[in-house]
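Down below is the structure, laid out as structure tokens.
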Amino acid sequence: MYRGIFFDFGGTLVTEESDLVAHGNIYRSIIERFKLDLTPENIDSAIRSRIESALENSEFKWERLIDHAISAIEEILSANRIFLTSEDRKWLEDIYVEMHARHLELFPGVKDTLQFLRSKDIHLGIISDIDDSLLYATLSRRGIKDLFDSITTSEEVGVGKPNPLIFRRALKKARLRPEWCIYVGNSVRHDVIGAKRIGMTAVFLGREPEVDPDYVAGDFNELREILQKLIP
């Protein structure tokens, strides 16, 4: 009998397309504030390169993604002979969080699925490689924060998935054994491998995974069908 279900966040609960919209609005705001003769694509390239590099090493040491983004922006600005003040840094952090909270959209069926699971009286949690401020702001704005019993992030634990430490921290909070729990995510490396390595049942949200999860769901309608069988 399963007693807990944990979800990834980005690409699992919220769409990657809406993340692109959020970033586009961040970059346009930066260009307007600092009067830069650049395109959003110029800024995006610099920031994504920095963040992707950070994520490659996040399994062993987590550093806030927003800090990497601000460092990349600072380099762009200094090349244009613009130097950040403490007020600028606070504005950058605020706009980064606000634009994500405003524009990140839930996949269809997310809220209904979470409410269905709440009715089953099992532990609902999030385990995600993400900055705390961005996650909590978005969950609150989308009205689903209170549907979760626990939230565990890489910023909190200090390492990213698939490091077993972040999964163990979440299980400790929930007071659950891994074999009692299901993990749902859209990344083979971070979610499927990480969950299975520690002994959780892994549900891959997507199509044609490169390794074998325990279950595959193409969307939240298919996920709910699977969960209804696993949690009668």
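Start counting the sequence shown at 11; every next residue gets the next number (the working numbering).
Virtual Cβ for every residue (Gly too), placed ideally from N, Cα, C.
Since the structure is predicted, the reported quantities are computational estimates derived from the model, not experimental observations.
| What do you get for S59, buried or exposed, if any count of 16 or more other CB atoms within 10 angstroms of its CB means buried? | That one is exposed.
| said: If contact is defined by three or more beta carbon pairs under 8 Å, each pair taking one atom from either stretch, is the region 208–219 in contact with the region 150–169? | reply: no
| Mind checking G153: buried by the 16 CB within 10 Å criterion, or exposed? | exposed
| said: Are the CB atoms of D29 and G119 within a distance shorter than 8 Å? | reply: no
| said: Please state the DSSP three-state secondary structure of Y106. | reply: helix
| query | In three-state DSSP terms, what is G195? | reply | strand
| query | Which word fits V1, buried or exposed, when buried means at least 16 other C-beta atoms lie within 10 angstroms of its C-beta? | reply | Not covered by the structure: residue 1. The range shown for the chain is 11 to 242.
| First through last residue of the beta strand (DSSP E) which encompasses G14 | G14 to F17
| Would DSSP call F214 helix, strand or coil? | strand
| Considering only the beta carbon of each residue, do E73 and A82 sit closer than 8 Å? | no
| In chain order, each beta strand (DSSP E) run of at least 3 residues that lies wholly inside the region 111–146 | Correct list: 133–138.
| Near H200, which residues of its chain fall below 6 Å by C-beta distance, leaving aside the five closest residues on each side in sequence? | K171 and P172
| request: Report the rounded CA-to-CA distance for I105 versus I92, giving the unit in angstroms. | output: Counting only the Cα atoms, I92 lies some 18 Å from I105.
| Which runs of the beta strand (DSSP E) fall wholly inside the region 157–193 and span at least 3 residues, in chain order? | If you keep only unbroken beta strand (DSSP E) runs of at least 3 residues inside the region 157–193, you get 160–163.
| request: Buried or exposed for S129, please, with buried defined as at least 16 other CB atoms from any protein chain shown within 10 angstroms of its CB. | output: Of the other Cβ atoms in all chains shown, fewer than 16 fall within 10 Å of the Cβ of S129; this residue is therefore exposed.
| request: Grab the span of the alpha helix (DSSP H) containing V5 for me, first residue to last. | output: Since the first and last residues shown for the chain are 11 and 242, residue 5 lies out of range.
| field | Of the listed residues S150, E42, F117 and L149, nearest to W101 (C-alpha basis) | value | With respect to the C-alpha of W101, the residue from S150, E42, F117 and L149 having the closest C-alpha is E42.
| said: With DSSP as the reference, identify every bridge partner of A79, one or two as the case may be. | reply: Per DSSP, none; premise fails for A79.
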